[in-house]
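In our numbering, the protein residues as written are 461 to 623.
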């Protein structure tokens, strides 16, 4: 795959696993990138300029906003992200994925594997599960209006926020 978009030009990678298969044993995302995009993540303003890199079907029913981030595009209708500059400052942009974890996940889901980066990103994904425990501890079952910011964040990390 050769990438030419607003943030990355000429980056090339290959698939070494079938789409959606052969994940690391300790990486069990609860949502696919397609499901995440359809539910509403990253204020609809993520991947809007690089759709050619991923399957068309991912974007057929995605909640997107090409002009600017839009809280209403998120499932929980709230602002849910920091700026890219803040991600960079905190060291969250790792390796060849200038858009962060979700871009890594999309590429991983498609079959790209980079052992060292995959280990780092999977470790970050596993650490994020602590937010599920906070919702369990503080919210009634299926009370989707409780801790909506954490639920939206879980959704953006491929965890099911509907419990």
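Glycine included, each C-beta is placed from N, C-alpha and C at the ideal position. Remember, it's a predicted structure, so these values are computed and weren't measured experimentally.
Continuous alpha helix (DSSP H) stretch holding residue i: start and end
i: residue 508; result: Premise fails: residue 508 is in no alpha helix (DSSP H) and is neither H nor E.
i: residue 492; result: Premise fails: residue 492 is in no alpha helix (DSSP H) and is neither H nor E.
i: residue 512; result: Counting along the chain, residue 512 falls outside any alpha helix (DSSP H), and DSSP gives it neither H nor E.
i: residue 573; result: That residue, residue 573, is in no alpha helix (DSSP H); it is neither H nor E in DSSP.
i: residue 613; result: 608-616
Counted within 10 angstroms of its Cβ, other Cβ atoms place residue i as buried (16 or more) or exposed
i: residue 552; result: exposed
i: residue 533; result: buried
i: residue 543; result: exposed
i: residue 600; result: exposed
i: residue 568; result: buried
i: residue 486; result: exposed
i: residue 478; result: exposed
i: residue 540; result: buried
i: residue 550; result: exposed
i: residue 467; result: exposed
i: residue 522; result: buried
Simplified DSSP state of residue i, which is helix, strand or coil
i: residue 464; result: strand
i: residue 471; result: strand
i: residue 623; result: coil
i: residue 517; result: helix
i: residue 482; result: coil
i: residue 542; result: coil
i: residue 602; result: coil
i: residue 550; result: coil
i: residue 703; result: The structure shown has nothing for residue 703, since the chain only spans 461 to 623.
i: residue 537; result: coil
i: residue 566; result: helix
i: residue 531; result: helix
i: residue 557; result: coil
i: residue 477; result: coil
i: residue 589; result: coil
Top-ranked residue by Cα proximity to residue i, from the options
i: residue 591; options: 578, 613, 540; result: 613
i: residue 622; options: 473, 520, 496, 583; result: 496
i: residue 620; options: 501, 480, 531; result: 501
i: residue 527; options: 557, 504, 585; result: 504
i: residue 581; options: 481, 603, 556; result: 556
i: residue 607; options: 493, 617, 595; result: 595
i: residue 562; options: 589, 514, 493; result: 493
i: residue 657; options: 476, 481, 471; result: Any question about residue 657 goes unanswered here, given that the chain covers just 461 to 623.
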